[in-house]
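Novice: Before we start, here is the structure in question, set down as structure tokens.
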Amino acid sequence: MLEFPHDVHTHTAYSDGTGSVGDNVAAAEEKGLKLLGITDHSHYLTGKAFNRYVRDIERWKNEADVVLLAGIEANVTHSGVDVAGGMRKRLDYVIASVHLWLDDPEEYVELVKLALLDENVDIIGHFGASFRYIGYPSEESIGEVLELAEERGKAFEISSRYRVPEIDFVRECVKRGIKLVFSSDAHWPRGIGNVGWSERVFKKAGGRKEDLLFAEFL
Ligand SMILES: [Zn+2]
Ligand SMILES: [Zn+2]
36 MLEFPHDVHT HTAYSDGTGS VGDNVAAAEE KGLKLLGITD HSHYLTGKAF
86 NRYVRDIERW KNEADVVLLA GIEANVTHSG VDVAGGMRKR LDYVIASVHL
136 WLDDPEEYVE LVKLALLDEN VDIIGHFGAS FRYIGYPSEE SIGEVLELAE
186 ERGKAFEISS RYRVPEIDFV RECVKRGIKL VFSSDAHWPR GIGNVGWSER
236 VFKKAGGRKE DLLFAEFL
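So this is what it looks like as structure tokens:
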């Protein structure tokens, strides 16, 4: 059993997931989650698709026995984050993730900094998912990321899918008051709420309820 049962990063068939919003809600209820976030990929949600997506989640908010939030997973590229203010206004939060395959970890950090400077971004997704393959950025760069996140009030997800960030990073977030969230990044309903790794790392790093971004719902 989870002490802080929430999952703020899940996908549906609105992007590359398999379930409907209702399927994800049902799975979250079955798992006993208190909070579920739907965060489909932004590049699938242009024009009318975005309207349908938001309306569908809004409708489920009234029916669900779990607190349901409408989020999105944006992409961070060299030109910035692909979610504009107009979209952000209709969402509860935005996760920004680096999905580009970069050979240089310092270049990865530069993109994350762009996201941290973007007022439409709330949470950085799976920070450092590629570091174990491409190498780790310098301690100085990591320090800059933490400083900027603290200054700008941004949160980080602890991703059970990619098992990032490192526990030392999470510990540093707790120390600095940078908020955290748990995420499965599930692309199918049965993966919803698989955030055991997130909670273990969070607790080991000294995290307490008030260190969670959505503590009010838990
Ligand atoms: Zn992602
Ligand atoms: Zn995702």
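Just so you know, we're using the working numbering here: the sequence shown kicks off at 36 and counts up by one. Think of the CB as a built atom: it goes at the ideal place given N, C-alpha and C, for glycine as much as any other residue.
What three-state label does DSSP hand A105 in the structure shown?
Specialist: strand
Novice: Can you tell me whether H113 is buried or exposed? The criterion is at least 16 other CB atoms within 10 Å of its CB, across all chains shown.
Specialist: exposed
Novice: Shorter than 6 angstroms, the distance from the beta carbon of S132 to the closest heavy atom of ligand 1, or not?
Specialist: yes
Novice: Buried or exposed: L71, going by 16 or more other Cβ atoms within 10 Å of its Cβ?
Specialist: buried
Novice: Can you tell me the Cα-Cα spacing of V43 and S218, whole angstroms?
Specialist: 5 angstroms
Novice: Using only the heavy atoms of ligand 2, determine whether one of them is closer than 6 angstroms to the beta carbon of D51.
Specialist: no
Novice: Report yes if the C-beta distance between V216 and E192 is below 7 angstroms; otherwise report no.
Specialist: yes
Novice: Straight-line CA distance for L152 to A48?
Specialist: 30 angstroms
Novice: With distances taken from CA atoms, which of D157, P172, S165 and E174 is nearest A184?
Specialist: That would be D157, whose Cα lies nearest to the Cα of A184.
Novice: From the DSSP output, in three-state form, read off F162 for me.
Specialist: coil
Novice: Does H16 come out as helix, strand or coil in the three-state DSSP assignment?
Specialist: Because the chain here runs from 36 to 253, residue 16 falls outside it and cannot be looked at.
Novice: Could you spell out where the beta strand (DSSP E) holding E192 opens and where it closes?
Specialist: A190 to S194
Novice: Under 7 angstroms between the Cβ atoms of V209 and G178?
Specialist: Between V209 and G178, the gap from beta carbon to beta carbon reaches 7 angstroms or more.
Novice: Just curious, the beta strand (DSSP E) that I27 is in, first and last residue?
Specialist: This structure cannot speak to residue 27, because the chain is shown only from 36 to 253.
Novice: Using alpha carbons as the reference points, say which of H78, H76, A99 and E38 lies closest to D58.
Specialist: A99
Novice: Kindly give me the distance between the Cβ atoms of A109 and V116, rounded to whole angstroms, as I take these residues to be in contact under 8 angstroms.
Specialist: 5 angstroms
Novice: When you compare the CB positions of V205 and A250, do they come within less than 7 angstroms of one another, or not?
Specialist: no
Novice: May I ask whether a heavy atom of ligand 1 can be found less than 6 angstroms away from the beta carbon of G106?
Specialist: no
Novice: Straight-line CA distance for E142 to E175?
Specialist: Going from the Cα of E142 to the Cα of E175 covers about 14 angstroms.
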